[in-house]
Amino acid sequence: MKSSPSLAEADSSPVQAAANPPAQPLKIGSASIHSRLIVGTGKYASLELMRDCHAASGAEVVTVAVRRERLLDKNSGRNILDFIDPNKYILLPNTAGCFDADEVVRVARLGREMLTDSGYRGANWVKLECLGDTKTLLPEPVGTLKALDVLVADGFEVLVYCSDDVMLCRQLKKAGATAVMPAGSPIGSGQGVLNANAVRIIVEILKGEDPAYPVIIDAGVGTASDVAAAMELGVDGVLLNTAIAGASDPLQMARAMRLATEAGRLAFCAGRIPRKLYATASSPWEGRVNG
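Going by my numbering, the sequence shown opens with residue 1, and the numbers climb by one from there.
Next up, the structure:
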């Protein structure tokens, strides 16, 4: 009878460091990026602070809700896009606030129309969010799959916000999702990755089928250690917003998130030592002084 996995075996990474050098760019559809941190635009005290935090984070991709009313700062009436340099950032339009497939498709097309010929890269990208309710803000899988089918047929490169269900992630990949983005925990909750084993399985299964396929944690991280822990699971990146914008010092947190993303990636590629029940001496027993 086959024995159950040991603690070390259960903790070992499903993707080997040799195939994933730390400096290797992340390819998402037609784009290649070096920073594996994606940031958002909401909840900042000012647009100037948002701009400075983006710079401090080192991110190359910024996600923006594309409903027209959400592009204006409600306090000043200024446009968010005036504070996002098209020469520095790729825009990832998202369908935040949509609760059915038809609405998702309509908002995605609006985003493409808005960005086409605007000078911004990312017009054919969309982060698909089809939410189940306003309390949990968790993804609704049936509407998500339905919207994905339409958007892929319409020529979009679709990054899909989804639950941490490996079978759903496989279906999304099969349906043409450019990347899957399982939630670490509910949006804005700051709980970190609640089900690390589920994420490990998603990475193992999807990358077993295609080692280059992007898996990105989206939502729920609260601080730098959450980001490092997520990256150490073997995911390709982390998308976050509230953890920076809601911090007591957003600028410092943006720097911390940058370093945590890099540290987590380096640690994953380096390969951690296995966990053991008992101590292992770091110095050899041989040749020790007896007295």
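Every residue, glycine too, gets a C-beta built ideally from N, C-alpha and C. Here the structure is a predicted model, which means the values were calculated and not measured.
Helix, strand or coil at residue i [DSSP, three-state]
i           : result
residue 144 : helix
residue 276 : coil
residue 137 : coil
residue 86  : coil
residue 218 : strand
residue 298 : Residue 298 cannot be examined here, being either before or after the span of the chain that is shown, 1 to 291.
residue 47  : helix
residue 194 : coil
residue 250 : helix
residue 65  : strand
Burial state of residue i, where buried means 16 or more other Cβ atoms lie within 10 Å
i           : result
residue 85  : exposed
residue 277 : exposed
residue 312 : The requested residue 312 is not part of the displayed model; the chain covers only 1 to 291.
residue 274 : exposed
residue 157 : buried
residue 321 : Since the first residue shown for the chain is 1 and the last is 291, residue 321 is missing from the structure and cannot be characterised.
residue 214 : buried
residue 295 : With the chain covering only 1 through 291, there is no way to say anything about residue 295.
residue 34  : exposed
Top-ranked residue by Cα proximity to residue i, from the options
i           : options              : result
residue 325 : 211, 255 and 94      : Only positions 1 to 291 of the chain appear in this structure, which leaves residue 325 out of reach.
residue 50  : 106, 155 and 80      : 80
residue 223 : 83, 188 and 180      : 188
residue 120 : 64, 131, 104 and 100 : 64
residue 135 : 198, 152 and 97      : 97
residue 127 : 196, 259 and 104     : 104
Quiz item: Just checking, does the stretch 248-267 make contact with the stretch 212-219 on the three C-beta pairs under 8 Å criterion?
Solution: Fewer than three beta-carbon pairs drawn from the stretch 248-267 and the stretch 212-219 are found closer than 8 Å, and the two stretches are therefore not classed as touching.
Exercise. Mind the definition here: the stretch 111-119 touches the stretch 130-140 only if three or more C-beta pairs lie below 8 Å; say whether that holds.
Key: Judged by Cβ distances under 8 Å, the stretch 111-119 makes no contact with the stretch 130-140, as fewer than three pairs qualify.
Quiz prompt | Ordered list of alpha helix (DSSP H) runs contained in the stretch 140-188, each at least 4 residues | solution = As far as the stretch 140-188 is concerned, its whole alpha helix (DSSP H) runs of at least 4 residues are 141-153 and 166-174.
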